[in-house]
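Student: Right, I'll just put the structure down here and ask away after.
Chains as they are written, first to last, in our numbering: chain H, 1 to 307; chain U, 1001 to 1444; chain D, 2001 to 2298.
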């Protein structure tokens, strides 16, 4: 058993660097191991297999002939790929900021000693646990062009030609974004709530002593101290938005036309419906690269802010 | 960095071995269990257990019906059912076949995925079974690839026009008489709608599926093909559907999808006086009227409306569409099992099998007077002359030609369907963009 | 590239006094009433789909989807709540789902928080790259590697057992990432002090990190539990034996080829939401009490 060993940053000069490094490596791996064994065998191996399959013409049954970059070249000339990439970016560009703002707002609002706060927190979390089919039905109905309350309301406000929402190619994506945000805000609120607990109260006291108002305290204390949580939420939200699947499936199934077709749905279609698993894997790899690219940028930005 | 790349490649190699291994040798486990040498000789005596895939077993009695009837004729062969999810049957089956855990006999739910299974080497050549079957079995041709047969149909659904006699009477409109073209159908819908305004029912109901328009257009238009990049034949069918939608004679596609309307509720609770729908709905409607889920009303089935008058009238054979449902054998099964499975396939497509299926309200692939008699003996099946004609006389063309591009083209056409009926694009524009997409996206 | 992201809070905390949340300043009565009204309206709006789901559970099948929508059943079908237990195996499904959710949550929280300590507080070569690999796997759509994974699981004889779902969910990267982010906020000085007091690294994890990250553990527990509880695609791919079905998979058996029992699906959905709602109601207090009560005194 490793006992009291100061670790890297505060290493006392007596311990030789090499031994320390080895010891830290062993120590680190003992912490990782229980999770890593399961992770490596059950998730990493199939994921690596997927990367291999992206360069093959695999059709699920039997051999996977190597085709080099063919799948990626085909993607370049596949208009459907570009349409779904565009739709995915559209969804992501709006869903991320909207969800960040609403979930942080909810967390700040519900991080007080209010009467009934338990009820409100539970209510905010309910969209995430309610059956997604029920969500799709009720929201579709609320959005219904002729009968829906939303358009009735817009008409009353004086909007002459209210949008067709999920039955119109132009408005289907905004509708999906609204529902996606509504559904996930409680989920991320929970993470923000947990993050808010780690902010030491005396930071607020110090700021108050300095005469900072609520707005200034938010900017100079809350936001900087929340950064690890915000970072986590942003990364998860980015990846989640790029991979959005089940919500689209039940809300619009990609339609009308191709107006809400997204990449992960295309992956499923090409794979399970059209049995082109090699091509589907290649699309998944591109989706992965986009996610990782954005995440790495977030890492770098986050790190720069740390300094 | 370098080292982790090497590790990653090592893992990839290991993983690909796993994948390659399962494709070729998934049957090994089963082979070890029996002695293959004596397979053919002892097949008649040794008790054999066949596993058969099915879905929603509690509400879909056809699999148990076939299994029991077959076991009664072949006491040494027991058929055990393995349940699959109805909505995700093919996803689950593809996974099971890929991993070598699929049952011995599985259902080919539609022709769209038949190509996937056949070209992937997941179906045993059953030409010897199909040679023993006569012309009475419709839909058999669809399972032929390069002169060999890889599946045997046991049911053959086809599309009819369902109509609510009570609502027709209330509106004072003549029942369909077998002479209808699509224009007659549209006229009737337009007449019914205002006459039924007080009841809240519409003239007709067209479900959200692309088949409701494209299936008929493909089957009935001369020279129409799914696989050529010319979909002009869809145009008159979409013009008609759009007009019915704008006139309010049927719910719009937007209303159907946004409210997740079900055709069972729309026709079963008298929200529409007519509905083009597949023959499977006969059994469902009878069951729902008995259980109270559907209201009690008099109804009948008529032949599907026709492209033009050349195929209308009870002296001609109306053209409609529908994919057969077939059975295929998993090549991973051992020889004894395959021999037993072939017997089972032959039985499912035989007159005896068909009579049993017809007795529970299913339209079997095997067509004969005895089968019709069994079908119309089911309590609740409409027995007027036109219903009988619609059941027994039709030329049913497959909705999905067997081809590697069928699934991809159908996906494109489905997007065209929602694009046109939602008004996102006009008919001609939607069709021409589908044509150019097929050219650029679908492998030649 | 390096991917460290520790964020020491701006103030040194080593010598801070006992922690106590300062009393919130009293809001004006008008503001309070306004705030409550807003909250109540928002809560009601948010709960509309749930209300519709609950009402649909009392309808007949063909009454569920209608134009225009029906907010009340014509005649409440209370027997749906009996039928789902007598005609379907709701009790079995609930038991399986509970079993899986508890097992997965336990493993995920335990191994995740343990591994997170390695990623956050121990420096060793390759750590950051490995961490990026962890996060990277989250970014791969599951639909794409579902089949390779299924083949692998079948080789390991896991498919069609409850173990498959545990294996599928318990070792994900989510918990590791979440816990690492929270450990990063714990000031290094605390661990230092503990080391001087003679605590081993495991002792620090157990005695300092875990108590300090109660809010994070609470959210990880809840989110993992909910994810497993509501998972549909995993059980769909891996489970064939009806005795192993989970609630979500069981409910999908109400959809058959030519018909669907939507009322029963809604009944089952209501029943399946309730345990989570109760757990949440009971557990949410950990999000206020986290660091303040179980904090740094120990």
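Ideal Cβ placement from N, Cα and C applies to all residues, glycine included. No experiment lies behind these values; they were computed from the predicted model shown.
#1: Can you check the segment 243-293 of chain H for any alpha helix (DSSP H) of at least 4 residues that lies completely inside it and give the ranges in chain order?
#2: Tell me where the alpha helix (DSSP H) around residue 2068(D) begins and ends.
#3: Do we get a CB-CB distance below 7 Å when we pair residue 1260(U) with the residues of chain D?
#4: Nearest-angstrom Cα distance between residue 1027(U) and residue 1122(U)?
#5: Does residue 2205(D) come out as helix, strand or coil in the three-state DSSP assignment?
#6: Does DSSP put residue 1083(U) in a helix, a strand or coil?
#7: When the cut-off is 7 Å and only beta carbons count, does residue 255(H) lie next to chain B?
#8: How would you label residue 1319(U), buried or exposed, when you count the other beta carbons within 10 angstroms and need 16 or more for buried?
#9: Around the C-beta of residue 274(H), are 16 or more other C-beta atoms found within 10 angstroms, so that it is buried, or is it exposed?
#10: Taking 7 Å as the CB-CB limit, is residue 1405(U) close to chain D?
#11: Exposed or buried, which one is residue 2079(D) when buried takes at least 16 other CB atoms within 10 Å?
#12: Can you check whether the C-beta of residue 2088(D) is within less than 7 Å of a C-beta belonging to chain H?
#13: Inspect the beta-carbon positions of residue 1159(U) and residue 1322(U) and report whether they are closer than 7 Å.
#14: Tell me which same chain residues have a C-beta within less than 7 Å of the C-beta of residue 2073(D), skipping the five on either side of it?
#15: Pick from 282(H), 302(H), 270(H): whose alpha carbon is nearest that of residue 1406(U)?
#16: Starting from the Cα of residue 1308(U), find the closest Cα among 1339(U), 1382(U), 1146(U), 1219(U) and give me that residue.
#17: Going by DSSP, which residues form a beta bridge with residue 1107(U)?
#18: Looking at chain H, which residues of the segment 2215-2243 of chain D have a Cβ within less than 9 Å of any of its Cβ atoms?
#19: Can you list, in chain order, the residues of its chain whose CB lies under 7 Å from that of residue 204(H), leaving out five sequence neighbours each side?
#20: With distance defined between alpha-carbon atoms, name the residue in 1360(U), 1089(U), 1242(U), 1324(U) nearest to residue 1395(U).
#21: From 2275(D), 2180(D), 2266(D), pick the residue whose C-alpha is nearest to that of residue 2112(D); which is it?
#22: Measure the alpha-carbon distance for residue 109(H) versus residue 189(H) and round it to whole angstroms.
#23: By how many angstroms is the C-alpha of residue 1422(U) removed from the C-alpha of residue 1428(U)?
#24: Run through the DSSP bridge pairs and tell me what residue 1395(U) is partnered with.
#25: Should residue 205(H) be flagged as near chain U, meaning a C-beta pair shorter than 7 Å?
#26: How should residue 1116(U) be labelled, buried or exposed, when 16 other C-beta atoms within 10 angstroms of its C-beta is the threshold for buried?
#27: For residue 1178(U), name the three-state secondary structure that DSSP assigns.
#28: Would you mind listing the beta strand (DSSP E) stretches within the segment 1213-1292 of chain U that are 3+ residues and don't spill past its ends, in chain order?
#29: Do residue 1108(U) and residue 1356(U) have their C-beta atoms within less than 7 Å of each other?
#30: By DSSP's criteria, residue 1161(U) is part of a beta bridge. Which residues make up the other side?
#31: Are the CB atoms of residue 2234(D) and residue 2168(D) within a distance shorter than 7 Å?
#32: Tell me, please, whether the CB atom of residue 2053(D) is closer than 7 Å to any CB atom in chain H?
#33: Determine which residues share a DSSP beta bridge with residue 1155(U) and list them.
#34: Give a yes or no on whether 7 Å exceeds the smallest Cβ distance from residue 1164(U) to chain D.
#35: Can you give the beta carbon distance from residue 257(H) to residue 1424(U), rounded, assuming they're within the 8 Å contact cut?
#36: So what's residue 2200(D) in DSSP terms, helix, strand or just coil?
Tutor: On the basis of the supplied data:
#1: 246-251, 263-268
#2: From DSSP, residue 2068(D) is part of no alpha helix (DSSP H); its letter is neither H nor E.
#3: yes
#4: For residue 1027(U), the pLDDT reaches just 36, beneath the cut-off of 50, and the residue's location in the model is therefore unreliable, although a value from the coordinates is still provided. Near 11 Å, if we compare the C-alpha coordinates of residue 1122(U) and residue 1027(U).
#5: helix
#6: strand
#7: Protein chains H, U and D are contained in the structure displayed, whereas chain B is not.
#8: buried
#9: buried
#10: no
#11: exposed
#12: no
#13: yes
#14: 2055, 2058, 2059, 2063
#15: 270(H)
#16: 1219(U)
#17: 1327(U)
#18: 2215, 2216, 2217, 2218, 2219, 2220, 2222, 2223, 2226, 2229, 2230, 2232, 2233
#19: 217, 221
#20: 1324(U)
#21: 2180(D)
#22: 10 Å
#23: 14 Å
#24: 1319(U)
#25: no
#26: buried
#27: coil
#28: 1272-1278
#29: no
#30: 1276(U), 1302(U)
#31: yes
#32: yes
#33: 1325(U), 1364(U)
#34: no
#35: 5 Å
#36: coil
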